[in-house]
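In this note's numbering, the protein residues as written are 1447 to 1914. Note that CB positions come from ideal geometry on N, CA and C, so glycine has one too. Right, one structure below, let's go through it.
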Ligand code: HAM
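Right under this line is the structure:
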């Protein structure tokens, strides 16, 4: 007997971004884009699929991200490829491959893209997630860190999320190697208290134990040596400069000696933004730092660089938790309603005319009754509805209905555009928003699982054209 097929389902750790969430997504995209443009970043998008070796050479093959979480497979050509787990490696590859080393430096690039990590899914941790990221190539001055931090911070504050900036310096490669040895020596006598996995980490990538979320490990590390005490002189001076800028700019920060970040390419300054109420940094909202040797280790000309990336889903989770509503989507300025097929054809044309002139226009051509169409117009928050019923069709006129007060005015059809424009221009000049965003958000609410599909929406004004 044939097995009954079940409807297909999302893979574990994956998420649909439904229409009801889109206002949040547009809000974060637009905020990131505005900041990027203001700070002189150009957008770049690199492929989702890259050679696996790109990530082993950059993020590092001993890191959890590469050794445990990366989706890697052999494609049909026999190439070993990976779904990118982060954005810095791909952007650096593109910087080298497209000769951006020869452009005036610094080269500043930003992206808003999906990434993949096969981690254990939980709140705020997905297997496909989105980041906005900013990368700066060709500058070693400490002021660049300060600006990058200001920019990232501006993103969180402009959507209303309070954060703490956690910052540390991990020095250069020699410092880290020496420090790793010191840490291994410190933990040698406590090895029996580590789990098998932690023992492997101690051997392969001991710095990662520092930002482990395991409280037992944190207890063992209370008196551990701190990397900041073994910084080389140049890194120390650089870090002081970064902190000096932050002080001058009144940017509060927490010096966090345990912050090392989970990617091998970093040197010197590393930082993260945690939600103000997330003391342990359980779900970091974003992180970044300097990676002065990455371009060279991917066979490019030595080029200092730094960057930052923030997690989009985590910001949205926080906004929802704090009940911060998303910025409303602009409602239509004009809605077209008609009765009967000839009127529908007329409105179809008018719709194209208005839309091509930049008017925000909407319709519900599949609905027949004027009443139902006005209900939709009202729900969308349209400021005016243009109505062509049977009488208007015969007289070659159109009714302009002000949805705010229900007042209707009849105008000749060939004058409708100029009459409408007069009203819209006046409204725009007076700053009258033809929206209450909530109205438009209601439309998107229908995609939420807990809202019944067919919602009754009251029509606020008397409808005198109730012909069905
Ligand atoms: P990262 O700390 O691995 O850094 O990721 C940056 C942010 O992406 C995190 O702070 C978090 O908000 C978000 N994120 C990471 N993993 C997940 C996940 N599984 N689910 C949801 N959100 C997640 C990097 O990726 C670096 N490339 C950042 C960077 C750019 N450094 C220099 N330039």
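Secondary structure note for residue 1513: its alpha helix (DSSP H) is the uninterrupted segment 1510 to 1513. When rounded, the separation of the alpha-carbon atoms in residue 1474 and residue 1758 is 7 Å. The segment 1659 to 1677 makes contact with the segment 1619 to 1639; the number of CB pairs closer than 8 Å reaches 3 or more. With respect to the 8 Å criterion, residue 1793 and residue 1782 are classified as neighbours on the basis of their beta carbons. In the displayed model, residue 1838 falls within a helix according to three-state DSSP.
With a cut-off of 8 Å on Cβ pairs, the segment 1689 to 1701 is not in contact with the segment 1563 to 1581, counting fewer than three such pairs. If you check the CB distance, residue 1537 and residue 1498 do not come in under 8 Å.
For residue 1565, the secondary structure class from DSSP, reduced to helix, strand or coil, is coil. In this structure, residue 1709 has its beta carbon less than 7 Å from a heavy atom of the ligand HAM. By DSSP's assignment, residue 1848 forms a beta bridge with 1830. At least one heavy atom of the ligand HAM lies closer than 7 Å to the C-beta of residue 1571.
Nearest to residue 1505 by alpha-carbon distance, out of 1678, 1496, 1535, 1493, is 1535.
By the beta-carbon neighbour count (other beta carbons within 10 angstroms, threshold 16), residue 1511 is buried. For residue 1602, same chain residues with a beta-carbon under 7 Å away, outside a window of 5 residues either side, are 1609, 1719, 1731 in chain order.
Counting C-beta pairs with one atom in each stretch, the segment 1565 to 1573 and the segment 1583 to 1600 have fewer than three that are closer than 8 Å, which means they do not touch. With contacts defined as CB atoms closer than 8 Å, residue 1772 and residue 1806 fail to qualify as a contacting pair. Within the same chain, 1557, 1559 come within 7 Å of residue 1491 by CB-CB distance, once the 5 residues on both sides are set aside. According to the DSSP assignment, residue 1781 belongs to no alpha helix (DSSP H) but to the beta strand (DSSP E) extending over 1780 to 1784. The C-beta distance from residue 1735 to residue 1752 rounds to 7 Å, short enough to fall under 8 Å. Residue range 1713 to 1721 is occupied by the beta strand (DSSP E) that includes residue 1718. Per DSSP, reduced to three states, the secondary structure at residue 1613 is strand.
Using a cutoff of 7 Å, the CB of residue 1577 counts as near the ligand HAM, since one of the ligand's heavy atoms is closer than that.
Rounded to whole angstroms, residue 1865 and residue 1463 show a C-alpha spacing of 40 Å.
The Cβ atoms of residue 1820 and residue 1812 do not sit closer than 8 Å to each other.
Residue 1592 and residue 1798 have their alpha carbons spaced roughly 48 Å apart.
Ranking 1745, 1660, 1721, 1618 by CA distance to the CA of residue 1683 puts 1618 first. Each residue's CA atom was taken as its position, placing residue 1749 and residue 1664 some 36 Å apart.
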